[in-house]
Amino acid sequence: MNNQFTIMDCNLIQLPKTRNVAGSSTLLQNGIEVPFEIKRVYYLYDVPGGESRGAHAHKNLHQLLIAASGSFDVTLDDGQSKKTITLSRPFIGLHIKPGIWRDITNFSSGVICLVLASELYNAEDYLRDYAEFLLFKKRDYSKNV
Ligand code: T46
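At the far end of the sequence shown sits residue 373, using our numbering, and the numbering has no gaps.
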């Protein structure tokens, strides 16, 4: 079980940007620009002003979050430390490792939060209770193997 990652393991990834007179584009490929196999893509949009999303962690999921349009803040929490990162560029991705609680706030109007994910949707992969998340971080899974 992936419960040992910390916020220091969650890094910003500079994505390639192609620019010409017709505008810009960014290309993402499995295992190259994105450091995991992409099994699912979803995006958050039409977020009402003042709303927040997230408030959970995943047991096994890797994700790359990109502000495809607009901006938002992501607060990462590994149970010991927290840090907040603002995403506002379509060519910067935030790799969130498994076992990291995230709160997503301060969405700008017209925001699109693009998420590339390493697994298909699985409700069992979510930790939505903060106390349960802290227990998950403290458990020693090495004794179960
Ligand atoms: C995350 C942030 C950034 C599905 O049925 N399939 C899916 O693939 C997803 C992502 C969600 N759902 C359902 C589950 C809920 O009934 O859609 C509803 C909204 O999901 P949730 O409350 O988890 O929404 P967010 O925006 O708080 O979180 C989502 C992702 O679930 C999560 O992995 O990190 O976006």
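Positions of the beta carbon are idealized from the N, C-alpha and C atoms, including for glycine.
> How would you label valine 302, buried or exposed, when you count the other beta carbons within 10 angstroms and need 16 or more for buried?
Replying inline: As a working note, residue 302 is residue 74 in the sequence shown. Classification for valine 302: buried.
>> Applying the 10 Å Cβ sphere with the 16-neighbour rule, what's the burial state of proline 244?
In response: Sequence index remark: in the sequence shown, residue 244 carries index 16 (1-based). When all chains shown are included, proline 244 counts as exposed.
>> For a test of your reading of the model: does the CB of glycine 307 fall under 7 Å from any non-hydrogen atom of the ligand T46? Yes or no.
In response: On the sequence shown, residue 307 is found 79 positions in, with the first residue counted as 1. Glycine 307: no, Cβ never under 7 Å from the ligand T46.
> Which partner residues of threonine 246 appear in the DSSP bridge assignment?
Replying inline: Locating residue 246 in the sequence shown gives position 18, counting from the first residue. According to DSSP, threonine 246 bridges with Ser253.
> For serine 299, which of Leu289, Asn334, Glu347 has the nearest alpha-carbon?
Replying inline: Your numbering for residue 299 matches position 71 in the sequence shown. It is Asn334 whose Cα lies nearest to the Cα of serine 299.
>> Please state the DSSP three-state secondary structure of serine 309.
In response: As a working mapping, residue 309 is identified with position 81 in the sequence shown. Coil, per DSSP.
> Tell me, which residues are paired with aspartate 331 by DSSP?
Replying inline: The residue you call residue 331 lines up with position 103 of the sequence shown. Paired residue(s): Gly282, Thr303.
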